[in-house]
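Colleague: Using our numbering, count along the sequence shown one by one with no gaps and you end on 456.
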Amino acid sequence: MIDRSNLNVLSRREERKFVDEHPKSAEMYARAKKSLLGGVPMNWMRKWAGAFPVFVARAKGAHFTDVDGREYVDLCLGDTGAMTGHSPDVVADAIAKRVREGITLMLPTEDSIWVADELRQRFGLPYWQFALTATDANRFAIRIAREITQRSKILVYNYCYHGTVDESFAALDYGGGHDGIVGPRRGNIGPPVNPAETTRVVEFNDLNALEDALKHSDVAVVLAEPAMTNVGIILPDAGYWKAARELTLKYGALLIADETHTICVGPGGCTREWMLEPDFVVFGKPIGSGIPGSTYGCTEEVAERISARIELEDCDVGGVGGTLAGNALSLAAMRSTLENVLTAKAFETMIPLATRWADGVSGEIKNHRLPWNVQQLGARAEYTFRENPPRNGGESAAAADFELERFLHLYALNRGVLLTPFHNMALMCPATTAADVDLHTRIFGAATGELAA
Ligand SMILES: Cc1ncc(COP(=O)(O)O)c(C=O)c1O
4 MIDRSNLNVL SRREERKFVD EHPKSAEMYA RAKKSLLGGV PMNWMRKWAG AFPVFVARAK
64 GAHFTDVDGR EYVDLCLGDT GAMTGHSPDV VADAIAKRVR EGITLMLPTE DSIWVADELR
124 QRFGLPYWQF ALTATDANRF AIRIAREITQ RSKILVYNYC YHGTVDESFA ALDYGGGHDG
184 IVGPRRGNIG PPVNPAETTR VVEFNDLNAL EDALKHSDVA VVLAEPAMTN VGIILPDAGY
244 WKAARELTLK YGALLIADET HTICVGPGGC TREWMLEPDF VVFGKPIGSG IPGSTYGCTE
304 EVAERISARI ELEDCDVGGV GGTLAGNALS LAAMRSTLEN VLTAKAFETM IPLATRWADG
364 VSGEIKNHRL PWNVQQLGAR AEYTFRENPP RNGGESAAAA DFELERFLHL YALNRGVLLT
424 PFHNMALMCP ATTAADVDLH TRIFGAATGE LAA
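1. DSSP three-state call for residue 405: helix, strand or coil?
2. How is the alpha helix (DSSP H) around residue 165 delimited, first residue to last?
3. Unbroken alpha helix (DSSP H) runs of length 4 or more, entirely within the stretch 329 to 373: which are they?
4. Is it buried or exposed for residue 318, if we count other Cβ within 10 angstroms and need 16 for buried?
5. In whole angstroms, give me the CA-to-CA distance for residue 281 and residue 262.
6. Just the Cα atoms here: how many angstroms apart are residue 2 and residue 149?
7. Between the C-alpha atoms of residue 311 and residue 304, what's the straight-line distance to the nearest angstrom?
8. Who pairs with residue 101 in a beta bridge, going by DSSP?
9. Runs of 3 residues minimum, wholly inside the stretch 238 to 276: which ones carry the beta strand (DSSP E) assignment?
10. Go through its chain and collect everything with a Cβ distance to residue 46's Cβ below 8 angstroms, but skip five positions before and after it.
11. Evaluate residue 75 with the Cβ neighbour count: other Cβ atoms within 10 Å of its Cβ, from every protein chain shown; 16 or more gives buried, anything less gives exposed.
12. Jot down the residue ranges of each uninterrupted alpha helix (DSSP H) in the stretch 15 to 103, minimum 4 residues, whole runs only, in chain order.
13. Would you check whether ligand 1 has a heavy atom nearer than 7 angstroms to the C-beta of residue 331?
14. DSSP three-state call for residue 375: helix, strand or coil?
15. Among residues of its own chain, excluding the 5 on either side of residue 194, which ones have a beta-carbon nearer than 8 angstroms to its beta-carbon?
16. Give a yes or no on whether the C-beta atoms belonging to residue 42 and residue 21 are separated by under 8 angstroms.
17. Have a look at 198, 268, 245 and flag the residue whose alpha-carbon is nearest the alpha-carbon of residue 213.
18. Could you please give the first and the last residue of the uninterrupted alpha helix (DSSP H) stretch that includes residue 453?
19. Going by C-alpha to C-alpha distance, which of 24, 6, 66 sits closest to residue 439?
20. Would you mind stating whether residue 306 and residue 424 have Cβ atoms separated by less than 8 angstroms?
Shown next as structure tokens:
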């Protein structure tokens, strides 16, 4: 078990080292505090391990350099936004060309047809629309689902993350010994209503709970990652999705497969790899190598049902869309990314590297007799602080250890490796190398060695 006083001493040492070695980031943070709320351009950048975030000078492939001239292996990759590697040359060229030829028009370009055809082939769904973020793609798919089912609620899994979709910031509260009551997730800022009004929440891998929730016949749509990736990696039990899909059909609910992170298993995400049959697929973040863009696709049946309900005169005020959605630049970035970077071939190197990472970390966990485990999902892998892999969000969240996680992240950062913040995840991009992975393994071995000493 971890000796907390040792952890405390080691953490203080790493915090001092970080401050000493990042004078320029420290100075920029002091400046930033005068004009940026909390000293950061976005709230959760405050949560990085260390007294302040590292300010970035430049990034390329699987590496970046900070303003102090320190170099890092990037295993966070913009939490999947840069799963393509940073600024792939071929995409940078396509973007530069498009930037000079018109960025946004509220009119289609031919790239949109190319991208939709490619998505149709990858995921097997016939019709596609575009948005700027995966959050928005989820929001729009939810609206469509509500409209065509004329039902009010959505269903999500406990401790899911699907972006800042209001309905999805709900969690089960087990306090007081009851079965789990839906309420705002801890940290939810200004929920518009109690999410219990909009959302049903069940634990992943629990078919009985799913059926009980769907039986109310008020769920328009189940919003799900095929495997959970935002609270540790949680894989579905064998047969879970087949049975869950049958339940959604039985009770008239639709299903959104949010493949924004699970695209890491292959070019058509889990939908393709596991032969899932969702009504919608959502995919954002790396689809344009980090240029804002996202997509949602739907079945023929959904397309017919929603088309029948939209009047031409009202189609701009339905709450679906955005001025910049489907803009020429985002589509050019998506085309180049799908054509050249996130290809089937790229996954052939990325996935074995994630296996190498998982094996390395597992080996060190065993060496130091820690009761932790490692899970892999395609090109990503993650360790959690429990003996066995979690089967649902509640279990995984219960094993979280904020202090320990911060120490391991800061230890890695101080030695040139960036992990995905807020959990212990590493993602491989086409430019990641075995040497990058092995560097992390050595650092992880040293950190766990000091912890176990
Ligand atoms: C599964 C999933 N869906 C959607 C999103 C939202 O993406 P964005 O923040 O780009 O809107 C995230 C973000 O982490 C995610 O993990």
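Note that the Cβ used here is the ideal one computed from N, Cα and C, for glycine as well.
Computed from a prediction, not measured in an experiment: that's the story for all the values here.
Modeller: With the structure as the only source:
1. Correct three-state label for residue 405: helix.
2. For residue 165, no alpha helix (DSSP H) segment is defined, and its DSSP state is neither H nor E.
3. Whole alpha helix (DSSP H) segments, 4+ residues: 331 to 339, 347 to 370.
4. Counting Cβ neighbours within 10 Å, residue 318 comes out exposed, since fewer than 16 surround it.
5. Roughly 11 angstroms between the two C-alpha positions.
6. In the structure as shown, the chain starts at 4 and stops at 456, and residue 2 therefore has no counterpart that could be examined.
7. So the two alpha carbons sit approximately 11 angstroms from each other.
8. Residue pairing for residue 101: DSSP places it in no beta bridge.
9. Runs of the beta strand (DSSP E) spanning 3 or more residues and lying entirely within the stretch 238 to 276 occur at 257 to 261, in chain order.
10. Cβ neighbours of residue 46 beyond the five flanking positions: 40.
11. By the neighbour-count rule (16 or more Cβ atoms within 10 Å), residue 75 is buried.
12. Qualifying alpha helix (DSSP H) stretches, in chain order: 26 to 35.
13. Residue 331: no, Cβ never under 7 angstroms from ligand 1.
14. Correct three-state label for residue 375: coil.
15. Excluding residues within five positions, the ones whose Cβ falls inside 8 angstroms are 169, 172, 187.
16. Not a contact, by the Cβ cut-off of 8 angstroms.
17. Of 198, 268, 245, the residue nearest in Cα terms is 245.
18. For residue 453, the enclosing alpha helix (DSSP H) has its first and last residue at 437 to 455.
19. Nearest of 24, 6, 66 to residue 439, Cα basis: 66.
20. Cβ atoms of residue 306 and residue 424: not closer than 8 angstroms.
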